[in-house]
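Enquirer: Starting off with a structure, shown below.
Numbering (the UniProt record's numbering), first residue to last: 1 to 133.
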């Protein structure tokens, strides 16, 4: 199976709010490297992170571009995060339903048609500026 198909299913599930669909594309021992914070290991911690994000944010990813190495073991996705800040996240500005639009990227490692690592980057200062305006 092509890595791009795995990524497409993963990000389609994200946009549909389908956490189970996202988890289905992950290896059991997935490593989740978030933009700010500790590495989370395993599907359970990834699922908890998704629950937290769903409480605080509503996001849809657009302008998706995938890049994959020749053997399909490493891939990335560049996209625009179109979001709404729903509930105040600890240590961040107060949520008042602000909207934001933010370029971001995810980098992945794949093995046996499963994502074994997800690393996501975005400009936190830009996000804070947008929700504080």
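Glycine included, C-beta positions come from ideal geometry on N, C-alpha and C.
1) Pick out the complete beta strand (DSSP E) segments inside the UniProt domain "SnoaL-like" (8-118), 3 residues or longer, and give them in chain order.
2) Taking its Cβ as the centre, do 16 or more other Cβ atoms sit within 10 Å of residue 83, making it buried, or is it exposed?
3) Whole angstroms are fine: how far does the CA of residue 96 sit from the CA of residue 107?
4) Using CA atoms only, rank isn't needed, just tell me which of 91, 65, 17 and 94 is closest to residue 76.
5) Can you pull the DSSP bridge partners for residue 120?
Expert: The short version:
1) 26-33, 57-68, 74-85 and 99-111
2) As a working note, residue 83 is residue 83 in the chain shown. Buried, because 16 or more other Cβ atoms sit within 10 Å of the Cβ of residue 83.
3) Working through the chain shown from its first residue, we reach residue 107 at position 107. Working through the chain shown from its first residue, we reach residue 96 at position 96. Approximately 31 Å between the Cα atoms of the pair.
4) Within the chain shown, numbered from 1, the residue matching residue 76 stands at position 76. Considering only alpha carbons, the answer is 65.
5) Taking the first residue of the chain shown as position 1, residue 120 is located at position 120. For residue 120, which the question treats as bridged, DSSP gives the partners 106.
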